[in-house]
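Structure, as structure tokens:
Numbering (this note's numbering), first residue to last: 219 to 503.
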């Protein structure tokens, strides 16, 4: 949701985004959506094509509808064996890569996977898949602005959403004294996973073990996001629970469809790219 890497587009209709998401899901060639309850691409297409249902009141969580990147994955599979390239590393080994959109910066990818491993131990019933975090990280910040993080996983510069002063988005008065968002009047979403300061106060986590819970650190933010998604006893292998979790993260069915399109795409293949060389998002809403 940081607004530095492209244009802002507020006029995209729900039906247009639903149609685009439906096309992406149709062409993904993945065997099924992340939900493990039999919800496959056909159900996803039906959901995307239907009128938006009422959002359950208990799905809003601490977050209203907020801006996010609306870029959708390409229609081609992310499978490195289809359209990928072979490069030779300095030791003469072969590095298999796929489409640019399937590349996730190394430190960011490690943070997603580490969060999955940690939550697999602390909350095994949640069945968190790191690709869910990757889908959220993609639409929230473009994987920390293409992996612009230091060796410890902290962003090289702040990733801040717009000022939440009611002008186009929610109005949320300052809750952190400007500690995280440098704004003492209104809140702004912060960091790679775009936490509102008040939400971070409740869910902040120390994912890299340095004794500090920092929303600007991708390890901390990924673990906190995983804990947040797993709240209320959700099992994210169940499609309805995954939808509920994503709605709690951003109160919008268009957001859910966009994130699920990326989750589905990442299930067809992902490759690691160097930090700072990830693709940057172009479209925001």
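C-beta atoms are modelled at their ideal positions from N, C-alpha and C, and glycine is treated no differently.
Just the Cα atoms here: how many angstroms apart are residue 356 and residue 418?
-> The count along the chain shown starts at 1 and reaches residue 356 at position 138. The count along the chain shown starts at 1 and reaches residue 418 at position 200. Their backbone Cα atoms lie some 19 Å apart in a straight line.
Helix, strand or coil for residue 490 per DSSP?
-> Your numbering for residue 490 matches position 272 in the chain shown. Residue 490 falls in the strand class under three-state DSSP.
Should residue 340 be labelled buried (16 or more other beta-carbon atoms within 10 Å of its own) or exposed?
-> The residue labelled residue 340 in the question sits at position 122 within the chain shown. Exposed.
Rounded C-alpha distance that separates residue 413 from residue 499 = Residue 413 sits at position 195 when you count from the first residue of the chain shown. Residue 499 sits at position 281 when you count from the first residue of the chain shown. As the crow flies, the alpha-carbon of residue 413 is around 19 Å from that of residue 499.
Consult DSSP for residue 321 and reduce its assignment to one of helix, strand or coil.
-> Indexing the chain shown from 1 puts residue 321 at position 103. Residue 321 falls in the strand class under three-state DSSP.
In its own chain, which residues sit with a C-beta less than 7 Å from the C-beta of residue 398, not counting the 5 before and 5 after it?
-> For the purposes of this step, residue 398 is taken as residue 180 along the chain shown, with counting starting at 1. The answer, listed in chain order, is 408, 415, 418, 433.
Counting pairs of beta carbons, one from the stretch 386-405 and one from the stretch 442-456, are three or more of them closer than 8 Å?
-> no
Output the distance between the C-alpha atoms of residue 331 and residue 478, rounded to the nearest integer angstrom.
-> Here residue 331 refers to the residue found at position 113 of the chain shown. Here residue 478 refers to the residue found at position 260 of the chain shown. Cα to Cα, the separation comes out at about 18 Å.
Return the CA-CA distance between residue 201 and residue 440, expressed in angstroms with no decimal places.
-> Not covered by the structure: residue 201. The range shown for the chain is 219 to 503.
Identify whether residue 485 lies in helix, strand or coil by the three-state DSSP scheme.
-> Translated into the one-based positions of the chain shown, residue 485 becomes position 267. If DSSP states are grouped into helix, strand and coil, residue 485 belongs with the helices.
Length of the line joining the Cα atoms of residue 463 and residue 447 | Taking the first residue of the chain shown as position 1, residue 463 is located at position 245. Taking the first residue of the chain shown as position 1, residue 447 is located at position 229. C-alpha separation (whole angstroms): 5 Å.
Nearest candidate by alpha-carbon position, reference residue 347, set 443, 400, 450, 424 = In the chain shown, counting from the first residue as 1, residue 347 sits at position 129. In terms of Cα proximity to residue 347, the closest of 443, 400, 450, 424 is 443.
Looking only at its own chain, which residues have a Cβ that is under 7 Å from the Cβ of residue 493, when we skip the five neighbours before and after it?
-> Taking the first residue of the chain shown as 1, we reach residue 493 at position 275. Taken in chain order, the residues that qualify are 323, 324, 325, 365, 367.
Delimiting residues of the alpha helix (DSSP H) encompassing residue 361 | Position 143 of the chain shown, counting from 1, holds the residue named residue 361. Taken as a continuous stretch (DSSP letters only), the alpha helix (DSSP H) holding residue 361 covers 348-365.
Taking the alpha-carbon positions, what's the residue 468 to residue 424 distance?
-> Translated into the one-based positions of the chain shown, residue 468 becomes position 250. Translated into the one-based positions of the chain shown, residue 424 becomes position 206. Residue 468 and residue 424: Cα-Cα distance of roughly 23 Å.
Would residue 351 pass as a contact of residue 335 if the rule is Cβ separation under 8 Å?
-> In the chain shown, the residue the question calls residue 351 occupies position 133. In the chain shown, the residue the question calls residue 335 occupies position 117. Their beta carbons are not under 8 Å apart, which means residue 351 does not touch residue 335 by this criterion.
Nearest-angstrom Cα distance between residue 378 and residue 316?
-> Along the chain shown, one-based indexing puts residue 378 at 160. Along the chain shown, one-based indexing puts residue 316 at 98. In this structure, the straight-line span from the alpha carbon of residue 378 to that of residue 316 is close to 30 Å.
If we call anything under 8 Å between Cβ atoms a contact, is residue 481 one with residue 411?
-> Taking the chain shown and counting its residues from 1, the one referred to as residue 481 is at position 263. Taking the chain shown and counting its residues from 1, the one referred to as residue 411 is at position 193. Taking 8 Å as the Cβ cut-off, residue 481 and residue 411 do not qualify as a contacting pair.
DSSP state of residue 326 mapped onto helix, strand, coil | The residue you call residue 326 lines up with position 108 of the chain shown. It is helical.
What do you reckon, are the CB atoms on residue 374 and residue 490 nearer than 8 Å?
-> By 1-based counting over the chain shown, the position of residue 374 is 156. By 1-based counting over the chain shown, the position of residue 490 is 272. Annotated as distal: residue 374 and residue 490, with beta-carbon spacing of 8 Å or more.
From what residue to what residue does the alpha helix (DSSP H) around residue 416 run?
-> On the chain shown, residue 416 is found 198 positions in, with the first residue counted as 1. According to the DSSP assignment, residue 416 belongs to the alpha helix (DSSP H) that extends over 415-421.
Are the beta-carbon atoms belonging to residue 295 and residue 496 less than 8 Å from one another?
-> By 1-based counting over the chain shown, the position of residue 295 is 77. By 1-based counting over the chain shown, the position of residue 496 is 278. Contact: no.
Residue 471 versus residue 483: straight-line alpha-carbon distance, rounded | Working through the chain shown from its first residue, we reach residue 471 at position 253. Working through the chain shown from its first residue, we reach residue 483 at position 265. Those two C-alpha atoms are separated by around 18 Å.
Please check the pair residue 395 and residue 435, which I expect to be a contact at CB under 8 Å, by giving their CB distance rounded to whole angstroms.
-> Start at 1 with the first residue of the chain shown, and residue 395 comes out as number 177. Start at 1 with the first residue of the chain shown, and residue 435 comes out as number 217. A Cβ-Cβ separation of about 20 Å leaves residue 395 out of contact with residue 435 under the 8 Å criterion.
Through-space distance from residue 337 to residue 362, alpha-carbon basis = Taking the first residue of the chain shown as 1, we reach residue 362 at position 144. Taking the first residue of the chain shown as 1, we reach residue 337 at position 119. About 21 Å.
How long is the line joining the alpha carbons of residue 474 and residue 465, rounded to whole angstroms?
-> In the chain shown, the residue the question calls residue 474 occupies position 256. In the chain shown, the residue the question calls residue 465 occupies position 247. Taking the straight line from one Cα to the other gives about 6 Å.
Just how far apart, CA to CA, sit residue 485 and residue 476?
-> By one-based count along the chain shown, residue 485 stands at place 267. By one-based count along the chain shown, residue 476 stands at place 258. As the crow flies, the alpha-carbon of residue 485 is around 15 Å from that of residue 476.
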